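Here the structure comes first, spelled out in structure tokens, and everything after it is commentary.
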Amino acid sequence: MSSIDITLFLVIIALLFCAMSFTRSPVTSQAKCAFRVSEVVDFETPESDSFPASEYANAERIFVKKTSIITDVDVKQFSPQMNEDDQWIVLLILTEDGTEKFRQATSCLIGKQLAIILNGRLVSAPVLRAPIEDGNIIISGNLDKYELMTMTSHFERQGK
1 MSSIDITLFL VIIALLFCAM SFTRSPVTSQ AKCAFRVSEV VDFETPESDS
51 FPASEYANAE RIFVKKTSII TDVDVKQFSP QMNEDDQWIV LLILTEDGTE
101 KFRQATSCLI GKQLAIILNG RLVSAPVLRA PIEDGNIIIS GNLDKYELMT
151 MTSHFERQGK
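The sequence shown begins at 1 in UniProt numbering and counts up by one.
In structure tokens, the structure reads:
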């Protein structure tokens, strides 16, 4: 076996591992959770949801896998704040399980777009530049104060 064959074999094994670990996430419909992060896909399928996307892409719609990477059950702390530009941001701290799921998924999705959905509305769709390994996430973008206060109440009722 040549070194190219071994390298190709290792790449295939790594991709299979990523695919297997990524599919372990439970399928959660957007109606059942107040918060979720999912992978953006190139076209609509029965396994995707569709959202208006005028500010996130050069298209009218953005398509998002229905399978969630993380949801509100993976959030330990949800903290909306104003940044130095007087824009709303959310600081999230994930649970241990949520941190591991997000680390595994983001390791496999570098260069791809993620969808951050609050109350069934796409609020951000960043391109992933590096794995997120520490379980601390900052969400910025199209955030509405009323919606964030509703989300805060939701997480407080869950004891987060």
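Think of the CB as a built atom: it goes at the ideal place given N, C-alpha and C, for glycine as much as any other residue.
Remember, predicted model here, so these are calculated numbers, not experimental data.
- For G120, count neighbouring C-beta atoms within 10 Å of its own C-beta (all shown protein chains included) and say buried if the count is 16 or more, exposed if not. Position 120 of the sequence shown holds residue 120. Per the 10 Å Cβ criterion, exposed.
- Mind pulling the alpha helix (DSSP H) runs of 4 or more residues that sit fully within the region 95–130? 96–108
- Item | Contact the region 135–144 vs the region 79–88: 3+ CB pairs below 8 Å | yes
- Any idea what DSSP makes of T67, helix, strand or coil? Position 67 of the sequence shown, counted from the first residue, corresponds to residue 67. Residue state, collapsed to three classes: strand.
- Item | Check whether V40 and I70 have beta carbons under 8 Å apart | Residue 40 sits at position 40 when you count from the first residue of the sequence shown. Residue 70 sits at position 70 when you count from the first residue of the sequence shown. Not in contact: V40 and I70 (Cβ atoms no closer than 8 Å).
- Message: With distance defined between alpha-carbon atoms, name the residue in F155, R129, V90 and L122 nearest to R103.
- Response: Position 103 of the sequence shown, counting from 1, holds the residue named residue 103. Nearest C-alpha to R103: R129.
- Proximity below 8 Å, CB of D74 to CB of V64: Mapped onto the sequence shown, residue 74 falls at position 74. Mapped onto the sequence shown, residue 64 falls at position 64. No, these two residues do not count as a Cβ contact at 8 Å.
- Using three-state DSSP, classify E156 as helix, strand or coil. Along the sequence shown, one-based indexing puts residue 156 at 156. The answer is helix: DSSP assigns E156 an H, G or I state.
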